[in-house]
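Visitor: There's a structure below that I have some questions on.
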Amino acid sequence: MKKVLLLLMTFLTFTVMFAQSSTQKHEVQSGETLYSIARQYNVTVASLLQVNPGMDADHIMAGQNINIPAGAQRSAAAPVTQQTVNVQPVQQTQQTQQAPPVQQSIQQQVLQQVRQQVQAQQGIEVPSTPNRPRYKTLHEVKKKETLYSISRQYGITVDQLVDANPDLKKTKLKKGVVLNIPYTTEENAQYQAEQQKVIEEAAKPTVTMYPTIKVAVILPFSKADEKVSAESQKMINLYQGFLLAVDSLKQRGYNVEVFAYDEVSPATPVATILQKPELKDVQLIVGPIRQWNLKSVADFAHQNNIAHVVPLSNELSLVNEHPTTFQVNSHNSLLYNQVYNRFCIIHKDHNIIFVSMNDKGDNMSFIADFKKDLDAKGIKYSSATTTDFATVRDALKTGTNNVIVPTSGSSSAFETLCKKLDGLNLTSEYTVQLFGFPEWQTLSGKHDKYLGKYQCQFFTSFYSNGASTRTQQFNGRFRRWFNQDQYNSFPKYGELGYDIAAYFIKGLKEFGSSFYDNLHNYSYISMEFPMMFEKKNSWSGYQNRSMMIVTHRMDGSVFVR
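The working numbering numbers the first residue of the sequence shown as 2 and each following residue consecutively.
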């Protein structure tokens with residue numbers, strides 16, 4: 002038995018020595034892997050491991066000598082270095098924590114190398130994005146597998162698999178071939194959505210918050226003559242209302258600095274005002290009023306990214322190419338589509354009568370478009386004229402609300418219409434309501450009787466409701482602060498100044514430099530001027546599109562909606 006064991010050990014020793022003596026030696030070069038060495042000698046990784054017992058396949062080092070199987074012939078091709086096998090680290094941004102290097106297994110190195118070779122052959126650029134590789138994974142074809150079975154395994158279509166592996170259009174599927182596996186349609190959609198979100202977030206500008214809101218007010222406070230003009234009194238009221246709002250905001254913890262400049266002072270023309278160093282540091286400019294000064298101030302505000310508020314001008318082209326300018330008092334024509342829509346909501350089931358007033362204040366373009374809108378909505382109406390008032394009488398109906406729309410908003414036309422309606426001596430069977438223009442708010446006091454009797458209704462972009470508690474409280478505070486009442490005008494300039502200050506200072510404080518992007522997320526209950534700003538186009542400023550319907554009731558009250 003001992004002789005048998007001795008012979009066996011001698012045989013094994015001889016076999017190992019013979020194997021070792023029959024192998025070649027290879028000195029590992031920097032960047033080489035076991036797989037790249039196997040390719041150099043046209044052998045398999047398994048055969049290298051067989052002749053190098055105990056060798057760690059994932060950890061070979063430069064300078065290390067390894068055995069090469071006997072008979073292996075070294076290829077003339079250049080060795081594949083580690084640079085083509087290992088995944089190179091992607092440069093990280095400061096905001097992304099760099100992951101530690103990961104040691105790849107032999108299988109991972111092989112698959113990565115094959116993938117890079119396939120992409121090089123197909124002329125496909127390896128994606129530089131760190132978010133994900135071009136393909137989801139790689140798949141080595143096994144015996145009896147088909148394109149269909151592989152596609153089903155990964156939840157993709159055969160077409161998607163072939164598109165990711167163009168060589169499949171020319172050659173048959175063979176065992177051992179390594180295929181690129183693309184992402185599913187759902188995974189691509191999710192990835193694209195995530196990438197879009199990242200892009201949108203990156204595109205968002207940095208928001209700057211303002212600890213102190215600095216405001217420049219440029220208004221014509223005075224003139225060269227000693228007597229204070231009506232215009233100057235209105236502008237002083239506007240500034241006084243502005244200061245009342247600032248005081249209210251300061252009581253709530255706001256920090257506000259206000260710089261006031263006289264627009265018409267010979268010593269400080271607007272060009273000189275704009276050169277003052279403090280102007281570039283403000284977040285809000287209110288004014289000027291003079292039409293010829295508006296463009297230079299709007300240009301300055303645009304260049305310095307300052308919110309610019311124009312209180313009075315309703316020039317249609319005012320905000321063109323001035324993206325930081327806000328037009329509070331927009332032209333009535335911008336409201337017409339809203340007027341038509343609101344009117345139809347309220348009066349679509351009523352008897353609508355357009356009455357031609359033959360007055361110098363006739364707004365025939367407004368009336369023509371009004372009728373076209375009703376025609377488009379299929380709402381019936383009739384037409385009459387004050388020159389033959391029998392046409393009005395014949396158009397009236399019992400059992401419904403008769404809504405009369407005159408073609409003019411002038412005070413004289415209003416008075417003429419109401420007197421002629423009085424002359425009809427209508428019985429209680431007839432209900433008559435008048436629908437008119439913003440100018441009708443000036444009729445209060447002089448024509449209260451008619452306003453209530455005919456339930457007069459009009460559209461407007463501003464309205465001071467003297468009966469409201471809030472307005473009465475404001476008027477009382479205004480009187481206590483300045484020992485005077487607001488100048489009797491339309492609009493009420495003190496309330497206008499209050500609304501401008503409260504709306505813009507509050508918005509700039511709440512949203513900082515992102516104020517422009519949050520206009521639709523911001524609300525303010527106005528005193529007189531509701532604010533609802535919209536851009537004309539992507540490069541323009543903002544126009545106030547807010548509109549109210551004011552209704553006088555028979556009991557003398559007023560309803561605003």
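Think of the CB as a built atom: it goes at the ideal place given N, C-alpha and C, for glycine as much as any other residue.
With C-beta atoms as the reference, is alanine 217 less than 8 Å away from leucine 280?
Guide: yes
Visitor: Can you grab the Cα-Cα spacing for the pair phenylalanine 222 / leucine 497, in whole Å?
Guide: 16 Å
Visitor: Thinking C-beta only, is lysine 176 closer than 8 Å to valine 142?
Guide: Their beta carbons are under 8 Å apart, which means valine 142 touches lysine 176 by this criterion.
Visitor: Below 7 Å, is the gap between the Cβ of threonine 273 and the nearest heavy atom of the ligand MG?
Guide: The ligand content of the structure shown is nil, which means the ligand MG is not present either.
Visitor: Where does the unbroken alpha helix (DSSP H) through asparagine 330 begin, and where does it stop?
Guide: For asparagine 330, there is no enclosing alpha helix (DSSP H), as DSSP marks it with neither H nor E.
Visitor: Under the rule that 16 or more other beta-carbon atoms within 10 Å means buried, what is histidine 309, buried or exposed?
Guide: In the assembly as shown, histidine 309 is a buried residue. Its beta-carbon has 16 or more other beta-carbons within 10 Å.
Visitor: From which residue to which residue does the alpha helix (DSSP H) around histidine 348 run?
Guide: Per DSSP, histidine 348 belongs to the alpha helix (DSSP H) from 337 to 348.
Visitor: Thinking C-alpha only, which one of Val247, Thr472 and Ser411 is nearest threonine 443?
Guide: Ser411
Visitor: Please name the residue, chosen from Ser48, Ala468, Met236 and Leu275, that lies closest to valine 559 on a Cα-to-Cα basis.
Guide: Ala468
Visitor: For proline 289, name the three-state secondary structure that DSSP assigns.
Guide: Coil at proline 289, not helix or strand.
Visitor: For glycine 379, which of helix, strand or coil comes out of DSSP?
Guide: coil
Visitor: Any contact between the segment 471 to 488 and the segment 448 to 456? By contact I mean 3 or more CB pairs, one from each, below 8 Å.
Guide: no
Visitor: Jot down the residue ranges of each uninterrupted beta strand (DSSP E) in the segment 135 to 221, minimum 3 residues, whole runs only, in chain order.
Guide: List check, beta strand (DSSP E) in window: 138 to 141, 179 to 182 and 214 to 220.
Visitor: Helix or strand or just coil, what does DSSP make of phenylalanine 371?
Guide: Residue state for phenylalanine 371 is assigned as helix, using DSSP reduced to three classes.
Visitor: Closest to proline 289 by C-alpha separation, out of Tyr155, Asp395 and Val329, would be which residue?
Guide: Val329
Visitor: Near threonine 147, which residues of its chain fall below 8 Å by C-beta distance, leaving aside the five closest residues on each side in sequence?
Guide: Leu174
Visitor: Between which two residues does the alpha helix (DSSP H) holding methionine 236 run?
Guide: 231 to 252
Visitor: Closest by CA to isoleucine 182, which one among Trp482, Ser76 and Tyr149?
Guide: Among Trp482, Ser76 and Tyr149, the Cα nearest to that of isoleucine 182 belongs to Tyr149.
Visitor: Quick check on methionine 56 - is its C-beta less than 8 Å from some C-beta in chain B?
Guide: Note that chain B does not occur in the displayed structure, where there is just one protein chain.
Visitor: Quick one: grab the DSSP three-state call for tyrosine 262.
Guide: strand
Visitor: Tell me aspartate 389's beta-bridge partners as DSSP assigns them.
Guide: Thr386
Visitor: Looking at the structure shown, is leucine 435 part of a helix, part of a strand, or coil, going by DSSP?
Guide: Correct three-state label for leucine 435: strand.
Visitor: Residue range of the alpha helix (DSSP H) that isoleucine 501 falls in?
Guide: For isoleucine 501, the enclosing alpha helix (DSSP H) begins and ends at 494 to 512.
Visitor: Once DSSP output is grouped into helix, strand and coil, what is the label at glutamate 28?
Guide: strand
Visitor: Straight-line CA distance for glutamine 292 to alanine 231?
Guide: Rounded to the nearest angstrom, the two C-alpha atoms are 18 Å apart.
Visitor: Could you check how far apart the C-beta atoms of valine 259 and isoleucine 501 are, in whole angstroms? I think they sit under 8 Å.
Guide: At roughly 12 Å, the Cβ-Cβ gap does not stay under 8 Å, so valine 259 and isoleucine 501 are not in contact.
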